[in-house]
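Those sequence lines, one after another, are chains A and B. Each residue of the first sequence is one higher than the one before, counting from 1 in the UniProt record's numbering. Each residue of the second sequence is one higher than the one before, counting from 1 in the UniProt record's numbering. What follows is one structure encoded as structure tokens, with my remarks underneath.
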Amino acid sequence: MSDRQRGLVQALSEGTRDRLTQGRRAAVTWRRRAAPTTIGLRAVIALAYFIAAELAVPPDWAASGIYIVPAAVAALAAALRPAGVAPLVASVAVVGLWLLTTGAVDGHGASMWTAAGLAVLLYAGHVSAAVAQRFRTTTKVDSDIIHTWARHLGIVTASTVGITAVLSLFTAYFEAIPPAVALAAGIVSAVTVIYLLARSLHNPSAK
Amino acid sequence: MSLVSNPALNLRTDNPREPWRESEARPVEWRRTPALVRAVALAGFCLLIAVAFGRVDLVLLGVPFALGTALLLRGRPVQTPKASLELAEDICAEGATAEAALTVTNPEDTPITTLVTAAADPWIDLHTGKGDFAERIPPATARRMAIAGDAKRWGGHTLGPVHIRSLACGGLIETTQEILEPKRIWVLPVPDWFESAETLPFADGVAGVHRSRRHGDSGELAEVRLYQPGDRLRRIDWRTSARSQDLYVNATLSERDTDVTLILDLQVEAGESGGIGGTASAADLTVRAAGAVAAHYAIQGDRVGCIEFGARARRMKPGTGRRHNLSLLRWLAAVEIPADALPPSVEMLRRQLPGNRGLHVVFTPLLGERAVALVASLARAGRPVLCVDTLPGHVAPPSRTYWTPAAERLWRLARENTVMELREMGVAVEAWTGAATLDNVLAELSRRRYR
């Protein structure tokens with residue numbers, strides 16, 4: 001039993017004051033230790049997913065507050081928890097919205113270059129989240145890690161642009177292929193790629 | 001029947017909880033991350049939808065994921081990296097840098113990223129970027145990384161445990177977390193500056209700097225007396241001899257060393273320690289003051305020993321010189337004040353004291369009856385006792401009720417009364433304030449001795 005006599009209001013106010021003091025100290029410590037590189041990576045994740053979400057829908061949707069707020073929340077969630085499910089949810093949502101709006105909304109056509117931009121943004125968010133998934137905001141990151149990440153992102157972006165250019169050039173040629181052949185070739189290609197990627201999920205050091 | 005097969009020893013206890021068993025460390029191995037699953041899922045999803053709906057643009061959405069994942073997984077490591085933690089030095093001083101070297105070896109032909117998260121004792125303030133960092137380790141190389149922090153207070157502190165996780169292929173695969181055991185580092189107290197010009201009473205050693213009561217060769221004049229056979233000719237006082245027509249010689253007192261026994265009262269802690277740059281608690285003052293006094297006398301040539309008046313009752317044998325001083329600082333760094341410990345026995349401590357009549361310096365905050373009883377019993381036994389008050393000036397009881405200030409005032413008056421009673425018993429009591437603090441009381445002790 002405490003020998004100190006104090007009322008409920010006083011106890012609550014003192015508790016609040018203590019917590020505020022502790023919070024202020026924690027904020028000061030965090031500000032002193034925060035690593036700009038890691039915070040920059042997280043900013044890239046948030047920006048990439050937010051811009052992708054804005055790009056995936058028609059401009060009038062993208063300008064509405066009802067759309068902007070959830071898009072920003074999803075992007076922020078992906079940036080704050082890059083190791084969680086948030087980046088996957090944000091990516092699937094963007095792809096779903098793209099599929100929905102390009103098929104259902106008039107005037108919002110599926111342009112190749114817009115799709116390429118969307119793909120690069122989604123991949124930038126994904127690969128940044130992969131790099132930053134285990135880093136705290138106070139983790140000091142070696143500059144070589146950032147160089148490797150930027151080089152990889154550059155290579156993939158260039159390749160995507162190249163493939164987009166090839167696909168754009170030969171659109172008329174692809175349209176000439178009979179639908180059944182195109183479907184069969186697509187299924188075989190997709191299954192092959194998925195099989196190859198799925199093999200990578202096995203753990204090599206567990207053998 | 002052997003003890004091992006005795007069924008009484010295998011009975012279950014009444015405690016319903018299972019006895020704690022140390023879990024085996026999980027082997028370090030590579031595993032996929034959520035990022036790899038995400039990449040595969042998105043690529044497959046886009047490609048399947050593209051085929052199903054005949055949409056070339058969805059192929060484009062899946063292309064970077066398939067291409068990037070394939071590029072990253074080209075050089076996939078199989079062997080896991082090896083990590084080890086070693087202390088640069090297992091001893092450092094207060095305010096200095098405590099440092100450990102972490103070595104991570106990458107046996108594979110692909111670069112990896114190693115994420116290091118180190119923990120440390122609250123008294124070791126890890127430097128920014130030295131406790132939480134990520135480093136890229138090139139293929140088939142080992143990298144040595146420093147985990148360092150400021151040691152803010154004396155004592156035995158731990159640096160670690162260190163959590164290590166390696167990532168490869170752009171974060172698509174990672175190792176399970178490896179935990180390296182913490183290392184113990186001893187932070188030696190930085191003693192306050194103490195220098196005393198006063199000689200100590202009861203110097204009865206072989207050779208030293210203190211004036212003893214025995215005659216011998218030195219510069220300290222004892223008396224001028226008549227020449228006796230055996231006196232050296234150079235001791236003859238020619239001026240006195242010429243005046244008196246008899247031969248007189250200058251007799252001198254020898255200079256000898258003495259034993260200094262430091263008794264540290266470690267029953268209770270008072271005040272909050274702020275480390276080397278902050279406020280000092282009673283234990284801080286006790287340890288730093290004892291270190292200062294010990295350093296002064298040990299380096300001067302006196303034999304200095306230490307005894308704990310606390311739960312652990314440790315004792316350090318008397319010794320002299322710089323090496324002994326370092327050992328003494330290491331001994332002081334291991335001082336602990338356990339909570340709810342058994343109270344120490346005054347009689348037991350008195351039995352541990354050496355039988356000679358060297359100086360006894362008791363470092364105590366005078367916060368318990370046992371400490372006062374110890375000092376009083378030493379004084380009654382005729383030992384020269386010097387009591388150093390190590391209660392920090394800023395220490396005050398927490399404000400609990402309206403009566404707290406009055407109670408504190410009464411307590412302080414009672415404490416002053418106790419100090420006066422000790423002085424009346426012949427104990428020199430002095431508060432510790434650093435250099436030359438003890439000169440007055442030492443001079444008083446010497447005067448009493450030669451009175």
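The beta-carbon is built from N, C-alpha and C at its ideal position, and this holds for glycine as well.
- Using 10 angstroms around the beta-carbon of E174 (chain B), count the other beta-carbons present and answer buried if the total reaches 16, otherwise exposed. By the neighbour-count rule (16 or more Cβ atoms within 10 Å), E174 (chain B) is buried.
- Along the chain, where does the beta strand (DSSP E) that runs through S166 (chain B) open and close? Unbroken beta strand (DSSP E) run through S166 (chain B): G155 to A168.
- Item | Sheet register partners of I147 (chain B) (DSSP bridge) | Answer is B:A100.
- In the DSSP assignment, what are the bridge partners of I307 (chain B)? When DSSP reads this structure, I307 (chain B) sits in a beta bridge with B:I263 and B:R315.
- Three-state class that DSSP yields for W193 (chain B) in the structure shown: W193 (chain B): coil per DSSP, three-state reduction.
- Item | S327 (chain B) (DSSP reduced to helix, strand or coil) | Three-state DSSP puts S327 (chain B) in a helix.
- At 8 Å on the CB atoms, spell out the chain A contacts of R136 (chain B), in chain order. By Cβ distance, chain A contributes D142, D144, I145 and T148.
- Considering only the beta carbon of each residue, do D90 (chain B) and D125 (chain B) sit closer than 7 Å? No, the pair does not count as a contact, with Cβ atoms beyond the cut-off.
- Query: To the nearest angstrom, how far is it from the Cα of residue 520 (chain B) to the Cα of R330 (chain B)?
  - Reply: Residue 520 (chain B) falls outside the range modelled here, since chain B spans only 1 to 451, and no answer is possible.
- Message: Looking at the secondary structure, which residues open and close the alpha helix (DSSP H) in which D60 (chain A) lies?
- Response: For D60 (chain A), the enclosing alpha helix (DSSP H) starts and ends at P59 to A63.
- Item | Span separating the alpha-carbon of V362 (chain B) from that of V427 (chain B) | V427 (chain B) has its alpha-carbon roughly 10 Å from the corresponding atom of V362 (chain B).
- Mind checking H394 (chain B): buried by the 16 CB within 10 Å criterion, or exposed? Label assigned to H394 (chain B): exposed.
- Query: Once you ignore the five residues that flank A75 (chain A) on each side, which residues in its own chain have a CB closer than 6 Å to its CB?
  - Reply: A46, Y49 and F50, listed in sequence order.
- With a CB to CB cut of under 6 Å and the five nearest residues on each side skipped, what residues in its chain are close to R6 (chain A)? Nothing meets the Cβ criterion.
- Query: How far does the alpha helix (DSSP H) with D132 (chain B) in it reach, from first residue to last?
  - Reply: Taken as a continuous stretch (DSSP letters only), D132 (chain B) belongs to no alpha helix (DSSP H), being part of the beta strand (DSSP E) at D132 to I137.
- Query: Cα-Cα, which of B:T114, B:W123, B:P122 and B:L438 is closest to D132 (chain B)?
  - Reply: Out of B:T114, B:W123, B:P122 and B:L438, the CA that lies nearest to the CA of D132 (chain B) is found in B:T114.
- Query: Between the beta-carbon of R31 (chain A) and the beta-carbon of A79 (chain A), is there less than 7 Å?
  - Reply: No, Cβ-Cβ distance for R31 (chain A) and A79 (chain A) is not below 7 Å.
- Query: Alpha carbon to alpha carbon, what distance is there between L48 (chain B) and V193 (chain A)?
  - Reply: Those two C-alpha atoms are separated by around 10 Å.
- Message: Rounding to the nearest angstrom, what Cα-Cα distance links A295 (chain B) and E416 (chain B) in this structure?
- Response: Cα to Cα, the separation comes out at about 30 Å.
- Tell whether a beta-carbon distance below 7 Å holds between A56 (chain A) and L118 (chain A). Closer than 7 Å, so yes.
- Would you say A100 (chain B) and K183 (chain B) are within 7 Å of each other, going by their C-beta atoms? The answer is yes: Cβ separation under 7 Å.
- Query: Would you say G68 (chain B) faces chain A, with C-beta separation under 7 Å as the test?
  - Reply: Flagged as an interface residue toward chain A: G68 (chain B), by a C-beta distance shorter than 7 Å.
- Message: Against chain B, which members of the stretch 27-42 of chain A pass a CB distance test of less than 8 Å?
- Response: From the stretch 27-42 of chain A, only R32, R33 and A35 have a Cβ closer than 8 Å to chain B.
- For M1 (chain A), decide whether its Cβ has a neighbour in chain B, counting only Cβ atoms nearer than 7 Å. Low local confidence applies: a pLDDT of 41 at M1 (chain A) is under 50, so the model's placement there is unreliable, with the coordinate-based value given in what follows. When Cβ-Cβ separations below 7 Å define contact, M1 (chain A) makes no contact with chain B.
- Message: Would S91 (chain A) pass as an interface residue toward chain B - the criterion being a Cβ-Cβ separation below 7 Å?
- Response: Contacts with chain B at 7 Å (Cβ-Cβ) include S91 (chain A).
- Return the bridge partner residues of T114 (chain B) from the DSSP annotation. According to DSSP, residue pairing for T114 (chain B) in a beta bridge involves B:E135 and B:S166.
- May I ask you to report which of helix, strand or coil DSSP gives W123 (chain B)? W123 (chain B) falls in the coil class under three-state DSSP.
- Message: Report the start-end ranges of each beta strand (DSSP E) in the stretch 29-76 of chain B that is 3 residues or longer and not cut off at the edges.
- Response: Taking 3 residues as the shortest admissible run, the stretch 29-76 of chain B contains the following complete beta strand (DSSP E) segments, listed from N- to C-terminal end: 30-32.
- Report the residues of the stretch 63-90 of chain A with a CB closer than 8 Å to any CB of chain B, ordered along the chain. Here the close residues are A83, G84, V85, P87 and L88.
- Query: Between the beta-carbon of L247 (chain B) and the beta-carbon of I236 (chain B), is there less than 7 Å?
  - Reply: Yes, the pair counts as a contact, with Cβ atoms nearer than the cut-off.
- Any idea what DSSP makes of E369 (chain B), helix, strand or coil? Note: E369 (chain B) maps to helix in three-state DSSP.
- Task: Can you grab the Cα-Cα spacing for the pair H126 (chain A) / H147 (chain A), in whole Å?
- Result: Going from the Cα of H126 (chain A) to the Cα of H147 (chain A) covers about 17 Å.
- Task: Tell me, please, whether the stretch 329-349 of chain B touches the stretch 303-318 of chain B by the rule of three or more beta-carbon pairs shorter than 8 Å.
- Result: Because the criterion of three Cβ pairs below 8 Å is met, the stretch 329-349 of chain B and the stretch 303-318 of chain B touch.
- Query: By the criterion of Cβ-Cβ separation under 9 Å, what are the contact partners of I49 (chain B) in chain A?
  - Reply: Result: V95 and L99.
- alpha helix (DSSP H) segment containing T175 (chain B), residue limits: Looking at the DSSP string, T175 (chain B) is not in any alpha helix (DSSP H); the run it does join, the beta strand (DSSP E), is I173 to T175.
- Contact list for the stretch 159-170 of chain B against chain D, Cβ threshold 8 Å: Protein chains in the displayed structure are A and B, and chain D is not among them.
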